[in-house]
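Chains A and B supply the protein sequences, listed in that same order. Residues 1 to 225 in the working numbering are what the first sequence lists, from first letter to last. Residues 1001 to 1225 in the working numbering are what the second sequence lists, from first letter to last. Even glycine gets a Cβ: it sits at the ideal position worked out from N, Cα and C. Notes to accompany the following structure.
There are 2 protein chains.
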Amino acid sequence: MALELYWGSGSPYSWRVQLALEYKQLAYESRLLQFSMQEHKSPQMLRMNPRGRVPVLREGDFVVFESLACLLYLDRKYPEPPLFGRTPEEAATIMRVICEYQSYAESHLMQIVSAAFFETIDERAEEVTRATHIVAGEARTIEARLSGSDWLVGDQVSAADLVVFPGIMLLLRAMEKREAGDLRSRFLPLETTYPAISRWIRRVAALPGYERTYPPHWRDGAPRG
Amino acid sequence: MALELYWGSGSPYSWRVQLALEYKQLAYESRLLQFSMQEHKSPQMLRMNPRGRVPVLREGDFVVFESLACLLYLDRKYPEPPLFGRTPEEAATIMRVICEYQSYAESHLMQIVSAAFFETIDERAEEVTRATHIVAGEARTIEARLSGSDWLVGDQVSAADLVVFPGIMLLLRAMEKREAGDLRSRFLPLETTYPAISRWIRRVAALPGYERTYPPHWRDGAPRG
């Protein structure tokens, strides 16, 4: 009963689970769905996840979706190396950092990303300015954590790294759009604005199997426009 | 080294952790903070959680905040009875239901609650109508789960119940405001609109120690106005 991952290229939620599978060196069947073909909304996919979202992870008869739930499943089923720490204290801090990212940064980050990709930064100027202010503040907190440590929590890769990394990568890609304009200088060049985050990105990118997780359509170059 | 919980009356996030402590029958020191006095923003509290939010859980030198992280800490440190299941599959499904609540229901539920408490339902009519539509849909999904089972996941209380319950209780309390007006009939009487959720609430309220978790200021009667 092989693990099967249904995912979409560029979905930060999918990327988390891909990174987890690679980090744990698990064999899995990769099922890349084409968003443009609405393959994630096919009857087969809706039977597994009625919300029609990815990632969806299947192992035999068992199906789980929602990226954090997929990470917890993999960690409980295949504990080594751990994604949620070795002690209650580590587990708690890892989950705390994940919750903080999700509660205070993620929705604002996604607002910026979507405004850049859908080219609505001008018409949503006020909202984007506010989101940028918040995301920059949260990025400084992350920068501070990474200034004293290779990984977000403790001295090993954890679920916190895998949850936050794809979001930051997506933001950086959005900044490559011409649409990003002045916003770009708030985040880029990353080596200058957030040097510890920049080094951490290179560290994640050097993990074994990382290349297999990189969004395939991103290899075709910068986003259009 | 006793467990200490810093919490606020009526905070649904605090309530989750109180329910967990009681469910696990753990001794803890209850530190009720007065929101009206800004006690959650005191220098002592900001040293533990720079975001100035509750709940904050402390055990000896270790501090954790963000309710889901507190639940995971308690479950890893005091595994019986489990909050995140006994198998990888149970853990995954519990986390999935939590993530679904947080991703698709919670922010909309809180919009309705805040519009009712701050008496802005009329001026935010469009937003509240949309939020109500979404919350009612998510409530139907929860109703369906509870129609076939006593608890949200599996046949035991889990973290999923403890995460969702306080949010629903807060929504029901908001519906007691005169301000709620026509909105009230979308949710109340709960025994008619969502009978399985109504029975589940009675089940949670019958858990040992529940009375100690009930928001003290709610005992003074319905919210004003």
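CA-to-CA, the gap between Y1214 (chain B) and W1015 (chain B) works out to about 8 angstroms. Between L1072 (chain B) and chain A, the shortest Cβ-Cβ separation is below 8 angstroms. Residues of chain B whose Cβ lies closer than 8 angstroms to the Cβ of R96 (chain A) are, in chain order, V1064, F1065, E1066, A1069. Excluding its 5 nearest sequence neighbours in each direction, L1021 (chain B) has C-beta neighbours in its own chain below 6 angstroms: Y1028, listed in chain order. Against E119 (chain A), chain B offers no close residue; the least beta-carbon distance is about 25 angstroms (beta-carbon pairs closer than 7 angstroms). The beta carbon of K1024 (chain B) does not come within 8 angstroms of any beta carbon belonging to chain A, so the residue lies off that interface.
Taking 8 angstroms as the CB threshold, K1077 (chain B) lines the interface with chain A. Here V1017 (chain B) is near L1005 (chain B), since their CB atoms are less than 8 angstroms apart. Within the region 168 to 202 of chain A, the alpha helix (DSSP H) runs of at least 4 residues that lie entirely inside it are, in chain order, 184 to 187, 190 to 193. Going by beta carbons, L1146 (chain B) and A1105 (chain B) fall outside the 8 angstroms limit. Using a Cβ-Cβ distance cut-off of 8 angstroms, the region 1036 to 1044 of chain B and the region 1060 to 1072 of chain B are not in contact, since fewer than three pairs of beta carbons, one from each stretch, lie closer than that value. In terms of beta-carbon proximity, T93 (chain A) lines the interface with chain B, with at least one pair separated by less than 8 angstroms.
Segment contact: the region 127 to 141 of chain A against the region 68 to 83 of chain A, fewer than three CB-CB distances shorter than 8 angstroms; contact not assigned. Looking at the backbone, the Cα of G8 (chain A) and that of P216 (chain A) are separated by about 9 angstroms. With respect to chain B, the C-beta atom of P88 (chain A) has a partner C-beta closer than 8 angstroms. For E1100 (chain B), a Cβ of chain A is located within less than 8 angstroms of the residue's own Cβ.
Each of A:P81, A:E66, A:G181 was checked against the Cα of I112 (chain A), and the nearest Cα belongs to A:G181. DSSP places E66 (chain A) in the coil class of the three-state scheme, outside both helix and strand. The three-state reading of DSSP puts R31 (chain A) in strand, counting E and B together. If you compare the alpha carbons of A:L3, A:S67, A:Y194, A:S114 with that of E1100 (chain B), the shortest gap goes to A:S67. Looking at the DSSP output, E4 (chain A) bridges to A:E29, A:R58. Pairing Y78 (chain A) with W1151 (chain B), the inter-Cα distance amounts to about 27 angstroms. Going by C-alpha positions, K177 (chain A) is about 24 angstroms away from Q102 (chain A). CA-to-CA, the gap between V163 (chain A) and G1225 (chain B) works out to about 43 angstroms.
If the five residues before and after Y1210 (chain B) are omitted, its C-beta is found closer than 8 angstroms to the C-beta atoms of L1019, E1022, V1204, all from its own chain and listed in chain order.
Under the three-state reduction of DSSP, V1097 (chain B) is assigned to helix. If only complete runs of 3 or more residues are kept, the region 1087 to 1150 of chain B shows no beta strand (DSSP E) anywhere. Note on geometry: alpha-carbon atoms of F1187 (chain B) and G1221 (chain B) lie some 19 angstroms from one another.
Under the three-state reduction of DSSP output, E1080 (chain B) falls in the coil class, being neither helix nor strand. Shown here, S9 (chain A) sits in coil according to DSSP, grouped into three states, outside any helix or strand. Inter-residue distance for R199 (chain A) and A159 (chain A) is about 18 angstroms (C-alpha atoms, whole angstroms). In the DSSP annotation of this structure, the continuous segment of the alpha helix (DSSP H) that includes M45 (chain A) starts and ends at 43 to 48. CA-CA distance, F1117 (chain B) to L1032 (chain B), rounds to 22 angstroms.
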